[in-house]
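Residue numbers (UniProt numbering): 1 to 236.
Below: one structure, written as structure tokens.
Next comes the structure, spelled out in structure tokens:
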């Protein structure tokens, strides 16, 4: 016999929660960057003097950004989990696990960016002005920041491939997801060049990040618009 689970139990599907979380995540990361960049956040490979100047004079700005970061990580996790909840049945039917690859990328980017934000907070909180200490912390920050592109690439590749194979997302969305993944991964592979002399190479990560934001918004809207379907489970 069979029974319906969830029908009439909730009118608010998890996919909608995940979609809204994706939109919230995109809005939050754009807002934080719109807050930090005009304030003078040093670019990758910046001189130690510029780093000291920013983190000495902009402690409150860094503090606000650090306080918002945990919210962004929660939203990103909800988005990734919601995408997997929609895509997992299709993955299993096809003998793949692309959605899990994407979710792993989301979790790993959360962890890596925790390191990025932790180094920023450490730079803003320390009272020591020793140039060697500042240079070491900023070098660690830059390495984590650039390597984070690896996990953004995993997230977009996994969820784009799974979404296309399941018929969830349109071809253009899968395409820009894979394009951004290539740009982000390329930036991570070329990390020594990006850190030592960003120049044109640094644009790879920037363009990939901008596309990543568009991808997140479009994917979130797709999840929000899904029509709830009652699940059935066969029982003996």
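All C-beta atoms, glycine included, are put in the ideal place defined by N, C-alpha and C.
Nearest to residue 112 (by Cα), restricted to the options 151, 32 and 194: Position 112 of the chain shown, counting from 1, holds the residue named residue 112. Nearest to residue 112 by C-alpha distance, out of 151, 32 and 194, is 151.
Cβ neighbours of residue 9 in the same chain (closer than 8 Å, five flanking residues each side left out): Within the chain shown, the letter at position 9 stands for residue 9. Note that residue 9 scores 44 on pLDDT, short of 50, meaning its location in the model is unreliable; the coordinates nonetheless yield the value given after this. Closer than 8 Å at the Cβ level, and outside the excluded window around residue 9, lies no residue.
CA nearest to the CA of residue 57, picked from 39, 14 and 95: To locate residue 57, count along the chain shown from 1; it is residue 57. With distances taken between Cα atoms, residue 57 lies closest to 39.
Same chain, Cβ closer than 8 Å to residue 123, five either side skipped, listed in chain order: Translated into positions along the chain shown, residue 123 becomes position 123. So the list reads 51, 55, 62, 134, 137, 138 and 141, once near-sequence residues are dropped.
Limits of the unbroken alpha helix (DSSP H) element including residue 122: Numbered from its first residue, the chain shown carries residue 122 at position 122. Start and end: 98 to 125.
Cut-off 7 Å between Cβ atoms - residues of its own chain near residue 145, not counting five sequence neighbours on either side: Here residue 145 is taken as the residue at index 145 of the chain shown, counted from 1. 44 and 116.
Proximal residues to residue 169 (C-beta, below 6 Å), its chain only, five neighbours per side dropped: Here residue 169 refers to the residue found at position 169 of the chain shown. For residue 169, where only same-chain residues beyond five positions count, the Cβ hits under 6 Å are 163 and 222.
In chain order, each alpha helix (DSSP H) run of at least 4 residues that lies wholly inside the region 26 to 79: The qualifying runs are 48 to 57.
Cα-Cα separation, residue 16 to residue 86: Position 16 of the chain shown holds residue 16. Position 86 of the chain shown holds residue 86. Going by the C-alpha atoms only, they are around 11 Å apart.
Terminal residues of the alpha helix (DSSP H) in which residue 192 lies: Numbered from 1 along the chain shown, position 192 holds the residue referred to as residue 192. Residues 191 to 196.
As assigned by DSSP and simplified to three states, the class of residue 211: Position 211 of the chain shown, counting from 1, holds the residue named residue 211. The answer is helix: DSSP assigns residue 211 an H, G or I state.
Chain-order list of residues whose beta-carbon lies under 8 Å from that of residue 217 (same chain, five-residue window excluded): As a working mapping, residue 217 is identified with position 217 in the chain shown. Cβ neighbours of residue 217 beyond the five flanking positions: 22, 23 and 26.
Spatially closest choice to residue 42 from 195, 201, 227 and 161, by CA coordinates: As a first step, residue 42 must be located in the chain shown, where it is residue number 42. The shortest Cα separation from residue 42 among 195, 201, 227 and 161 belongs to 195.
Cβ pair residue 205, residue 187 closer than 7 Å: For this step, residue 205 is matched to residue 205 along the chain shown. For this step, residue 187 is matched to residue 187 along the chain shown. At the C-beta level, residue 205 and residue 187 come within 7 Å of one another.
Run of the alpha helix (DSSP H) containing residue 237, from where it starts to where it stops: Within the shown structure, residues of the chain are numbered from 1 to 236, placing residue 237 beyond reach of any answer.
Residue 36: CB within 6 Å of a non-hydrogen atom of the ligand MG: Absent from the structure shown: the ligand MG. Ligands present: none.
Touch test, the region 86 to 106 against the region 29 to 36, Cβ-Cβ under 8 Å, three pairs minimum: Output reads no: the region 29 to 36 does not touch the region 86 to 106.
Pair within 7 Å by beta-carbon distance, residue 102 and residue 155: To locate residue 102, count along the chain shown from 1; it is residue 102. To locate residue 155, count along the chain shown from 1; it is residue 155. It is a contact, given that the beta carbons lie within the stated cut-off.
Outcome for residue 171 when other beta-carbon atoms lying within 10 angstroms are tallied against a minimum of 16: By 1-based counting over the chain shown, the position of residue 171 is 171. Looking at its Cβ environment, which holds fewer than 16 other Cβ atoms inside 10 Å, residue 171 is exposed.
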